[in-house]
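Worksheet: the structure to be examined is printed underneath.
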Amino acid sequence: MLDITELTCPMTWVRTKLELEKLAPGEALEVRCPEGEALENVPRSAADAGHDVQVDGALVTIVRR
Amino acid sequence: MNERRAFLKGLVAAAVPKGSDPLTQAGSDPLTPAAAPDAWLERYSRQLVLPQWSEAAQRALEDASVLVVGAGALGSPVATYLAGAGVGRLGVVDDGDVEVSNLHRQHLHFTPDVGVPKAHSAVSKLGFLNPEIVIEPYQAAFNDAMLEGIDLVVDCTDAFATRYAINAACCAAGIPLVEGGVVGMSGLVMAIRPGETACYRCAFPQAPLEGAVPTCAQAGVLGPAAGVVGSLQALEALKLLVGLPALTDAFLQVDLATHDFLRVAVKRRDDCPDCGDA
Chain W
3 MLDITELTCP MTWVRTKLEL EKLAPGEALE VRCPEGEALE NVPRSAADAG
53 HDVQVDGALV TIVRR
Chain E
632 MNERRAFLKG LVAAAVPKGS DPLTQAGSDP LTPAAAPDAW LERYSRQLVL
682 PQWSEAAQRA LEDASVLVVG AGALGSPVAT YLAGAGVGRL GVVDDGDVEV
732 SNLHRQHLHF TPDVGVPKAH SAVSKLGFLN PEIVIEPYQA AFNDAMLEGI
782 DLVVDCTDAF ATRYAINAAC CAAGIPLVEG GVVGMSGLVM AIRPGETACY
832 RCAFPQAPLE GAVPTCAQAG VLGPAAGVVG SLQALEALKL LVGLPALTDA
882 FLQVDLATHD FLRVAVKRRD DCPDCGDA
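Respectively, the protein sequence lines represent chains W and E. Basically my numbering = 1-based index in the first sequence + 2. Basically my numbering = 1-based index in the second sequence + 631.
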């Protein structure tokens, strides 16, 4: 679980992206996002990068491509 | 020198919080990656966020030693961008002193630096830019011994003889090289992986005849034209350092008067005296 609720854009995605780089393809990362801009940007950035993304409230689950 | 130092101290007082003066605390800055990962992340965040970049790429830069030969019109943007990007060790080579006629295009040097060795003038500014890295001045002409421990060379010199000497030395040592040149409003950039891709002499087997190509002093040069070419060199250097596709087996001919960027393919020559098998 990665908690980025204290961060602002673009550090929210920077931190998430670096965590994803540590994972093997197919592994999942759960990210607790702050409400607002990040909850739009983080899932979109992850999807743009080709990962599978699911959003449940403020919890974003990203499966590394 | 006292006047210049006072000038630099004034810059520090205006721009740097007390206690983090790189002139007096070189190498002792507390913002190391281990101690303050957020500061590291913040400094490099706008490149870490790139799809083409990664933490591994950033670490590769930190582990790299790069020699920038020439601290003038091309060396200024090259050293600035490489220092800012986080290249771990940067050597800056120049045997000249700052002249007032340099200032319009060599942005690492300011008016109070006139008469100061360029290598030292450049390194003092780069220390302000990024106190996290090691930056070393070499107040000397290029020689092969400078390549010891170097991972990549960026040639920012302005004489064909030096350019061929650097190409030959990098080919002999197997060190990647980024070539560049600018005169008037045009320039050239080329990335080289010796033994794998065409070298500068493969592309240009012979230097132009003496006098056939005007020097910068004869033809003049606009500062931003040098800035474009130097920026392209810095970009290719970063690509080579982190393993991104670079401008190899080709050179880019840039004409900034007509806005033409022409990529010219080049092949390795078996009989190249610098990198050939023969």
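Heads up, the beta-carbon is just placed ideally off N, CA and C, and yes, glycines get one too. Keep in mind it's a predicted model, so treat the numbers as computed, not measured.
Whole-angstrom Cβ separation of residue i and residue j, contact assumed at under 8 Å?
i, j, result
"Thr7 of chain W", "Glu32 of chain W", "13 Å between Cβ atoms; not a contact."
"Leu778 of chain E", "Val820 of chain E", "Not really, about 21 Å apart at Cβ, beyond 8 Å."
"Gly805 of chain E", "Gly826 of chain E", "6 Å"
"Leu713 of chain E", "Val699 of chain E", "7 Å"
"Thr18 of chain W", "Val55 of chain W", "Contact flag wrong, Cβ pair sits at about 11 Å."
"Asp719 of chain E", "Ser685 of chain E", "Reading the sequence as shown, one finds Gly at residue 719 of chain E and not Asp. Going by Cβ atoms, the distance from Gly719 of chain E to Ser685 of chain E rounds to 17 Å, so no, they are not a contact pair."
"Leu692 of chain E", "Val809 of chain E", "Not confirmed; about 15 Å, so no contact."
"Val814 of chain E", "Pro855 of chain E", "About 14 Å; that fails the 8 Å criterion."
"Val897 of chain E", "Ala799 of chain E", "Contact flag wrong, Cβ pair sits at about 17 Å."
Relative to the alpha-carbon of residue i, which residue among the options has its alpha-carbon at the smallest distance?
i, options, result
"Phe892 of chain E", "E:Arg832, E:Phe882, E:Asp669 and E:Arg677", "E:Phe882"
"Gly907 of chain E", "E:Ala670, E:Ala803, E:Ser752 and E:Leu760", "E:Ala803"
"His53 of chain W", "W:Glu39, W:Ala40, W:Leu25 and W:Glu37", "W:Leu25"
"Val784 of chain E", "E:Asp902, E:Pro876, E:Val745 and E:Ala710", "E:Ala710"
"Ser817 of chain E", "E:Asp726, E:Ala857 and E:Gly641", "E:Ala857"
"Pro668 of chain E", "W:Arg67, W:Met13, W:Arg66 and W:Met3", "W:Met13"
"Asn733 of chain E", "E:Leu721, E:Gly717, E:Gly722 and E:Ser752", "E:Ser752"
"Thr10 of chain W", "W:Arg34, W:Asp58, W:Gln56 and W:Ala30", "W:Arg34"
"Gly812 of chain E", "E:Ala868, E:Leu672 and E:Val885", "E:Val885"
"Glu763 of chain E", "E:Gly842, E:Tyr795 and E:Tyr675", "E:Tyr675"
"Cys903 of chain E", "E:Arg832, E:Arg677 and E:Tyr795", "E:Arg832"
"Ala848 of chain E", "E:Ala691, E:His735 and E:Pro708", "E:His735"
"Asp789 of chain E", "E:Ala670, E:Cys801, E:Ala834 and E:Ala772", "E:Ala772"
"Asp775 of chain E", "E:Trp671, E:Gly758 and E:Tyr795", "E:Tyr795"
"Gly739 of chain E", "E:Val765, E:Val731, E:Pro708 and E:Ile766", "It is worth fixing the name first, because residue 739 of chain E is Leu in this sequence and not Gly. Checking every option, the nearest Cα to that of Leu739 of chain E belongs to E:Pro708."
"Gln737 of chain E", "E:Glu867, E:Arg899 and E:Leu853", "E:Leu853"
"Asp694 of chain E", "E:Leu869, E:Thr742 and E:His890", "E:Leu869"
In the DSSP output, which residue or residues are listed as bridge partners for residue i?
i, result
"Leu808 of chain E", "E:Val784 and E:Ile823"
"Arg894 of chain E", "E:Leu883"
"Tyr769 of chain E", "E:Val724"
"Asp58 of chain W", "W:Leu61"
"Gly818 of chain E", "E:Val813 and E:Val885"
"Pro748 of chain E", "E:Asp728"
"Glu867 of chain E", "Beta-bridge pairing links Glu867 of chain E to no other residue."
"Leu698 of chain E", "E:Gly722 and E:Val784"
"Asp669 of chain E", "Looking at the DSSP assignment, Asp669 of chain E forms no beta bridge with any residue, so it has no partner."
"Ala30 of chain W", "W:Val65"
"Thr852 of chain E", "The sequence given here has Val at residue 852 of chain E, not Thr. In the DSSP output, where bridge partners are listed per residue, Val852 of chain E has E:Gly815."
"Asp5 of chain W", "W:Arg34"
Output yes or no for whether 8 Å exceeds the beta carbon distance between residue i and residue j.
i, j, result
"Ala702 of chain E", "Lys756 of chain E", "no"
"Leu760 of chain E", "Gly715 of chain E", "yes"
"Cys830 of chain E", "Asp905 of chain E", "yes"
"Asp782 of chain E", "Ile797 of chain E", "no"
"Leu840 of chain E", "Val859 of chain E", "no"
"Pro836 of chain E", "Ile823 of chain E", "no"
"Thr793 of chain E", "Thr828 of chain E", "no"
"Gly861 of chain E", "Ala704 of chain E", "yes"
"Val724 of chain E", "Gly746 of chain E", "no"
"Asp744 of chain E", "Arg635 of chain E", "yes"
"Gln689 of chain E", "Gly717 of chain E", "yes"
"Gly28 of chain W", "Val65 of chain W", "yes"
"Leu871 of chain E", "Ala865 of chain E", "no"
"Tyr769 of chain E", "Gly727 of chain E", "no"
"Ala843 of chain E", "Phe791 of chain E", "no"
"Glu37 of chain W", "Ala60 of chain W", "yes"
"Leu4 of chain W", "Glu21 of chain W", "yes"
"Leu875 of chain E", "Val16 of chain W", "no"
Using a beta-carbon distance below 8 Å, is residue i in contact with chain A?
i, result
"Glu23 of chain W", "Looking for chain A here will not work: the only protein chains present are W and E."
Interface residues of the segment 685-696 of chain E facing chain W [CB-CB below 8 Å]: Only those residues of the segment 685-696 of chain E whose C-beta falls short of 8 Å from the nearest C-beta of chain W are listed: Ser685, Glu686 and Ala687.
Chain E contacts made by the segment 5-36 of chain W, where a contact means CB separation under 9 Å: The residues in question are Pro12, Met13, Trp15, Val16, Arg17, Lys19, Leu20, Glu23 and Lys24.
Residues, ordered as in the chain, of the segment 671-686 of chain E that lie near chain W by beta-carbon distance below 8 Å: Within the segment 671-686 of chain E, the qualifying residues are Leu672, Glu673, Ser676, Arg677, Leu679, Val680, Pro682, Ser685 and Glu686.
Members of the segment 38-61 of chain W near chain E, C-beta cut-off 7 Å: Answer set for the segment 38-61 of chain W: Ala51.
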